[in-house]
Structure formats: structure tokens, C-alpha cells
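Asker: Just so you know, we're using this note's numbering here: the sequence shown kicks off at 63 and counts up by one. Here it is: the structure, laid out below.
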Amino acid sequence: MPEDFKSLKDVFNTDPGLKNIKAIVDENKVVSDFGEIFPEFKKIAKAVKVHNTILTLKVENAAWRSELKFKETLIVEKINNFYKEKRVNKIKFSAR
Numbered sequence: 063m064p065e066d067f068k069s070l071k072d073v074f075n076t077d078p079g080l081k082n083i084k085a086i087v088d089e090n091k092v093v094s095d096f097g098e099i100f101p102e103f104k105k106i107a108k109a110v111k112v113h114n115t116i117l118t119l120k121v122e123n124a125a126w127r128s129e130l131k132f133k134e135t136l137i138v139e140k141i142n143n144f145y146k147e148k149r150v151n152k153i154k155f156s157a158r
């Protein structure tokens, strides 16, 4: 293997031209991993998207929306701790 060979991961994480693509991939990773991070929420909430560090969750009903809004800070902290970096700053809730 040539000495100047870089893995895709290294290129992806260091090439400034790929910064926007990495951000999109990181945002979508939060959506796809949400059920793994919060298995207890699988039946009541679904991660829809992350845009500009705002996670959008579809929630089963208004009661659960209120409950999750109350726990928003803890949810954000758990997500960011899971990735060991700040990926979510706020949560936006929507009805199913």
C-alpha cells in the first residue's frame, strides 16, 4: 500500500471540501441512531431530521410531546454524549 494512502474516513474528516457532506452525514446519523440511543421512545417518538443542530421529532400525542419537552435538556445531553460531540442543540416537536 502506498505511503500517501489515506482511508476514506481520514479524507472525509480532514478534507475541507467535504465539510458540508460530513455535516449532512452526521445529522442523518442522529436520525438513524435515535432508536438505539432511546429504545424506550420507539413507540412514542420518531426522529425525522436534524438541521442546524435542531432535531425534529414526530411525537405520538400532545401528552408525550409535553413529557419529552420537559426532558429536552436530558435528551440533548444524551445524544451529544453518545457521539462525544455536540450534534444537537435543541429539539423541535411535531405531531404524527
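Backbone N, C-alpha and C fix where the C-beta goes; we use that ideal spot for every residue, glycine too.
Just grab the DSSP bridge partners of residue 118 for me.
Answerer: DSSP lists 111 and 154 as partners of residue 118.
Asker: Do you know how far the Cα of residue 68 is from the Cα of residue 157?
Answerer: Their backbone Cα atoms lie some 45 angstroms apart in a straight line.
Asker: Rounded to whole angstroms, what is the Cα-Cα separation between residue 108 and residue 66?
Answerer: Spanning the two alpha carbons is a distance of roughly 43 angstroms.
Asker: When you compare only the Cα positions, how much space is there between residue 98 and residue 136?
Answerer: Spanning the two alpha carbons is a distance of roughly 16 angstroms.
Asker: Between the segment 121-139 and the segment 68-80, are three or more C-beta pairs nearer than 8 angstroms?
Answerer: Contact between the segment 121-139 and the segment 68-80 is absent, because fewer than three Cβ pairs lie under 8 angstroms.
Asker: If you reduce the DSSP assignment to three classes, tell me which class residue 99 lands in.
Answerer: Helix.
Asker: Quick check on this structure: which residue in 140, 96 and 77 has the alpha carbon closest to the alpha carbon of residue 112?
Answerer: Closest by alpha carbon: 96.
Asker: Residue 66 by DSSP, collapsed to three states: which one?
Answerer: Residue 66 falls in the coil class under three-state DSSP.
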